[in-house]
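Asks: In numbering that gives the first Met the number 0, the protein residues as written are 0 to 54.
The beta carbon of each residue, even a glycine, is placed where N, CA and C say it ideally should be.
Let me begin by handing over the structure; questions about it come next.
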Amino acid sequence: MRANDLDVHELLHFAEGSGIITFAGERVLLLDAVALGLLRKELIDTLGLTAPRPS
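The following block contains the structure:
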């Protein structure tokens, strides 16, 4: 299967009553990129740049 053959409208489902989001039958999280960036910045400010990286 090629990427052009995929239809996101068929794969992505929103259950309005429960708020569950699924993609290709698997439950997923929808995250705001700005919020994720702020979390990353906060972690780096708190733990330092080298703490989250494996040695």
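So what's arginine 1 in DSSP terms, helix, strand or just coil?
Replies: coil
Asks: Pick helix, strand or coil for glutamate 25, following the three-state DSSP scheme.
Replies: Here glutamate 25 carries a strand assignment [DSSP, helix/strand/coil].
Asks: To the nearest angstrom, report how far apart arginine 26 and isoleucine 20 are at their CA atoms.
Replies: 6 Å
Asks: What separation, rounded to the nearest whole angstrom, lies between the Cα atoms of glycine 24 and glycine 16?
Replies: In a straight line, the C-alpha of glycine 24 is about 17 Å away from that of glycine 16.
Asks: When DSSP builds the beta bridges, which residues end up paired with isoleucine 20?
Replies: Phe13
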